[in-house]
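Inspection log for the structure reproduced underneath, given as structure tokens.
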Amino acid sequence: MRTSRAAIGVILALATLTACTSDDDGGDGFEVELLAGGDGSVPGPVRVLTAGPDESLWALAGDSSLVRIDSDGAAETTELRLPDGVNALADLAVAPDGTAYVLAELPDVGESSVYQVDGDQVVPAFGVPSDGGSDSAPDGTDAAGAALGPVADIAVDPEGRVLFVETHSPDGGVINSVQQVRRVDDDGTISTLAGTSEPGSGDDTGWFPEDGAEATSQSLAWPVFVSVAPSGDVYLRTGRSVLRVEDGGLTRVLGGDTSGLTTVPNTEQSAPFEDAVEALDAGYESVDDRSTFAAGDSGVLVGAPVVPAELSSDVRSAFSWTVEDAAGEAQAYADAVVDPDSQASRQSEAALYVSDGTVTTASVIGSVSTWLDDDTIATALVSSVASQETIVVTYDVPS
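Those letters in the sequence shown? Residues 3 to 401, per our numbering, in order.
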């Protein structure tokens, strides 16, 4: 599961968000609780944000900084030593036992398809990089030596099994690439959960398959990302939809395939979590790179591009943040994102909340969010493109 917006001027990580009226020091908005940062303790830019064991939060910052934030807000950063052939890291997933798996930034992946962290070293975990042709290591192949096309995303399920998105480019181009979602099972072999290694028909079925379509017979158009809920439910994010894998089939949970849809994020939404629309009637378009995608038991968080400076003043005010117990420059960072004269307001990412057949916007001023627990969302916010300092805050989904 990935989230990356390296050049974005805002990353909100852990914010316990409760709808409220701010105090006399700020305007109307929502109160968030600072977990970490604002004092130089959390580096940026945060490329990935994910929950770990024992109520911890883990982040991948810059090219090779691994950040672990305890439940009390104490942040510890490890500067990882990259293996030969790897220039930067691109993704992070943490297993229930605390094992951290990482991906190298394509195309310089070195000798392994997926790596893991051992102290301050990045060591091979499984897979041997191949050119991503139509041939794919068949199910049942031992993962350690399996020839794999470029791996674009990783996640870990509650049992500690690694899921990964493998890319196939039969004609050598990104445009016609297809992707499979695969898993390393308990016996160390690979199985396929969704997708094929052959191109599809070229129509919209890669985004909008019929409900119940056999997952392993459905062509999935690039880009595809994967996330696993604490319950074990597997979700896929495509360029225009979110799909759930269940009982060997695919079910669409976000994104419509007809005209006249309500576009999300709704830039006229009155406040966070308000004005929900039917998720299957929503016109959704994701960003191509790694962005917010986190499945929880109470819903799915998914990112969509937004430019805060282009929002109306009423909407910016409604989605502004008052940082409770703000340390250092934390409040100034949050204020800059909704200031139309600030560079930080020129690019951001909306965090959409999908639950019970509806979708609403949780935030328009972050660039990476995840679940901390069943009801609490974590979001990260970078101070500016220049300094890249990050704050980490938390907010609860209204019951």
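By construction, the Cβ of each residue, glycine as well, lies at the ideal position given by its N, Cα and C atoms.
For residue i, the residue or residues it bridges with in DSSP
i      : result
SER233 : Partner(s): none; SER233 has no beta bridge.
VAL325 : VAL34
PHE166 : ILE156, ARG184
ARG49  : Note: ARG49 sits in no beta bridge, so no partner.
TYR117 : VAL104, PRO126
LEU94  : VAL104
PHE210 : In DSSP, PHE210 forms no bridge with anything.
SER272 : Note: SER272 sits in no beta bridge, so no partner.
GLY411 : It is not possible to answer for residue 411, since the shown part of the chain is limited to 3 through 401.
THR198 : DSSP output for THR198 lists no bridge partner at all.
LEU256 : VAL244
ASP41  : Answer is none; ASP41 lacks a bridge partner.
Assumed close pair residue i, residue j - CB separation to whole angstroms, cut-off 8 Å
i      : j      : result
ASP159 : GLY234 : 6 Å
GLU168 : ARG184 : 6 Å
TRP209 : GLY257 : 7 Å
SER221 : GLY197 : 7 Å
ALA106 : LEU91  : 6 Å
ILE393 : ALA353 : That belief does not hold up - the Cβ atoms of ILE393 and ALA353 are roughly 16 Å apart, past 8 Å.
TYR286 : ALA306 : 7 Å
ALA146 : PHE128 : 5 Å
VAL50  : ARG292 : 7 Å
PRO131 : VAL111 : 5 Å
ILE156 : LEU165 : 7 Å
Residue i, buried or exposed, once every other Cβ within 10 Å from all chains shown has been counted against 16
i      : result
GLN271 : buried
LEU108 : exposed
ALA382 : buried
ASP337 : buried
GLY31  : buried
GLU35  : buried
ASN89  : exposed
SER219 : exposed
PRO400 : exposed
GLU200 : exposed
GLY368 : buried
PRO274 : buried
THR265 : exposed
GLY46  : buried
PRO152 : buried
ASP133 : exposed
GLY142 : exposed
GLU280 : exposed
SER315 : exposed
TYR162 : Note that residue 162 is Gly in the sequence shown, not Tyr. So GLY162 ends up on the exposed side.
SER67  : buried
GLY251 : buried
Simplified DSSP state of residue i, which is helix, strand or coil
i      : result
ARG292 : coil
ALA139 : coil
THR240 : coil
GLY335 : Checking the displayed sequence, the identity of residue 335 turns out to be Tyr instead of Gly. Here TYR335 sits in helix by DSSP.
SER363 : This sequence places Thr at residue 363; Ser is not what is there. If DSSP states are grouped into helix, strand and coil, THR363 belongs with the strands.
LEU313 : coil
SER357 : strand
SER24  : Unreliable positioning characterises SER24 in this predicted model, as indicated by a pLDDT of 37, which lies under 50. The coordinate reading is nonetheless provided below. The answer is coil: DSSP assigns SER24 none of H, G, I, E or B.
ALA278 : coil
ALA149 : strand
SER66  : coil
ALA320 : helix
SER369 : coil
ALA76  : coil
SER347 : helix
SER171 : coil
SER219 : helix
VAL384 : strand
TRP60  : strand
GLU161 : coil
>> Check whether the stretch 338 to 353 and the stretch 245 to 255 are in contact - that is, three or more C-beta pairs closer than 8 Å.
In response: no
>> I want to know whether the stretch 56 to 69 touches the stretch 298 to 305 - three or more CB-CB distances under 8 Å.
In response: no
> Are the stretch 33 to 42 and the stretch 69 to 88 touching by the rule of at least three beta carbon pairs closer than 8 Å?
Replying inline: yes
>> Contact between the stretch 78 to 96 and the stretch 114 to 123 is defined here as three or more beta-carbon pairs at a separation below 8 Å; is this criterion met?
In response: yes
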